[in-house]
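As given, the protein sequences belong to chains A and B, one line each in that order.
Heads up: the first sequence is residues 1 to 163, going by the UniProt record's numbering.
Heads up: the second sequence is residues 1 to 163, going by the UniProt record's numbering.
By construction, the Cβ of each residue, glycine as well, lies at the ideal position given by its N, Cα and C atoms.
Here the structure is laid out as structure tokens; the discussion comes afterwards.
2 protein chains.
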Amino acid sequence: MSNEITTTTTTTTTPTSELSELLSDLVSVTHRLTRIAAQATGESTSPATWRTLSVLSSFGPMRLGELAKQSRVSQPTMTKIVANLNEVEWIRRIADVDDARAWQIALAPKGIRALDEWRSRLGEALAPMFSDLDRDEVDVISRAIDLLHECTDVRVLDVVKAA
Amino acid sequence: MSNEITTTTTTTTTPTSELSELLSDLVSVTHRLTRIAAQATGESTSPATWRTLSVLSSFGPMRLGELAKQSRVSQPTMTKIVANLNEVEWIRRIADVDDARAWQIALAPKGIRALDEWRSRLGEALAPMFSDLDRDEVDVISRAIDLLHECTDVRVLDVVKAA
DNA sequence: TATTATACATAGCTCAGCTATGCATCTGTC
DNA sequence: GACAGATGCATAGCTGAGCTATGTATAATA
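Laid out in structure tokens, this is it:
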């Protein structure tokens, strides 16, 4: 590494430089993990689709546009994703009683099953790489994921507006 | 869940089912983070390219094929990436003295700078979302990243050794 | 009722990544 | 040392995800 000069000694605040390195590392390792997962499971379904299903699973039915924001894709992209998901009956479109332009997109039983199966496949594919971890280490990762969820879930919206 | 029979009873091991959930969560949150990063920084350069530069930065010069494995892309894809990187002079191709078919791909000064700048941009873009974290929480994430690195890098090292 | 805003759909493009294959070089066997 | 197969990279061509721009229908409002 080339720019290691700026190691500060403060106790509580995290200097931006350090955060930068941390976050870029995270993005790197994370992206690698995604690729490993994709290759290991021979995935044909796009990550965005799984993310969409996850969002529906976590937050319940919502409009297509909202779903697009949550899943971080453009509205036209979400239109495609939803169309595909509809075709395989992983979701249902429910007419919005208050607004004839809109749909509520809801997870269908098949979608729930598919999501579960995906998670299993993912776990099976990746587990061998993580088999050496002990309880504590798994716990660290688990807590980190929770933190990342917190940080990316809610404020996401604010940051998006700013950009 | 198909192969849950093999869950051992030792106290320290983590059942596959839990790992599955954990890992799928990780992949989800991770992918979201990637998209946030991409959108926030208005990235035009592909993640694979940054990953390639990171690998070179961490492990030093290596062959194109090896780089492909490390970065988890196919060899033809890496050929493209390297061609692009070469064009903007972020890497240099060094003829391999032992094998006229091969090149050693090395990070060039411009590439080092570009990588640093990317990390900064990433940090600046994402830092606001993580500003509320205290030292301990940052530490948890940091340790998780280390663990992930270990778990995903292992074979990488073998591959490196092999060469 | 006419105008503007909003929600989703469609069209068309770009680019990353893949497989299949080609070409050059290396390695091993006779 | 020459030929066969293996290996390293390049090229061709395809697919699919994502985007912007725009269209169409409905809402909201003056």
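Against chain B, with Cβ distances strictly below 8 Å, would residue i count as a contact?
{"i": "Thr152 of chain A", "result": "yes"}
{"i": "Phe130 of chain A", "result": "yes"}
{"i": "Ile145 of chain A", "result": "yes"}
{"i": "Gly123 of chain A", "result": "yes"}
To which residues does DSSP link residue i through a beta bridge?
{"i": "Leu78 of chain B", "result": "Looking at the sequence itself, residue 78 of chain B is Met, so the reference to Leu does not match. The partner list for Met78 of chain B (beta bridge, DSSP) is empty, contrary to what the question assumes."}
{"i": "Leu107 of chain A", "result": "A:Ile91"}
{"i": "Arg135 of chain A", "result": "According to DSSP, which records beta bridges pairwise, Arg135 of chain A is partnered with nothing at all."}
{"i": "Arg63 of chain B", "result": "B:Gln104"}
Any Cβ of chain A within less than 8 Å of the Cβ of residue i?
{"i": "Thr49 of chain B", "result": "no"}
{"i": "Ile94 of chain B", "result": "no"}
{"i": "Asp25 of chain B", "result": "yes"}
{"i": "Leu67 of chain B", "result": "no"}
{"i": "Val140 of chain B", "result": "yes"}
{"i": "Ile36 of chain B", "result": "yes"}
{"i": "Trp118 of chain B", "result": "yes"}
In this structure, how does DSSP classify residue i when only helix, strand and coil are distinguished?
{"i": "Arg72 of chain A", "result": "coil"}
{"i": "Arg121 of chain B", "result": "helix"}
{"i": "Leu126 of chain B", "result": "helix"}
{"i": "Arg101 of chain B", "result": "coil"}
{"i": "Asp96 of chain A", "result": "coil"}
{"i": "Thr45 of chain A", "result": "coil"}
Does the Cβ of residue i have 16 or more other Cβ atoms within 10 Å, making it buried, or fewer, making it exposed?
{"i": "Ser131 of chain B", "result": "exposed"}
{"i": "Val82 of chain B", "result": "buried"}
{"i": "Arg135 of chain A", "result": "exposed"}
{"i": "Ala37 of chain A", "result": "buried"}
{"i": "Ala100 of chain A", "result": "exposed"}
{"i": "Pro109 of chain B", "result": "exposed"}
{"i": "Gln70 of chain B", "result": "buried"}
{"i": "Gly123 of chain A", "result": "buried"}
{"i": "Val97 of chain B", "result": "exposed"}
{"i": "Ala95 of chain A", "result": "exposed"}
{"i": "Pro76 of chain A", "result": "exposed"}
{"i": "Ser28 of chain B", "result": "buried"}
{"i": "Pro47 of chain B", "result": "buried"}
Segment contact flag, the stretch 139-151 of chain A with the stretch 18-33 of chain B, C-beta cutoff 8 Å, min 3 pairs: yes
Cβ pair count under 8 Å reaching 3, the stretch 56-63 of chain A against the stretch 98-113 of chain A: Yes: the two stretches touch, three or more of their Cβ pairs being nearer than 8 Å.
Given 8 Å, three or more beta-carbon pairs between the stretch 83-93 of chain B and the stretch 34-53 of chain B: yes
At least 3 beta-carbon pairs within less than 8 Å: the stretch 112-128 of chain B vs the stretch 72-80 of chain B: no
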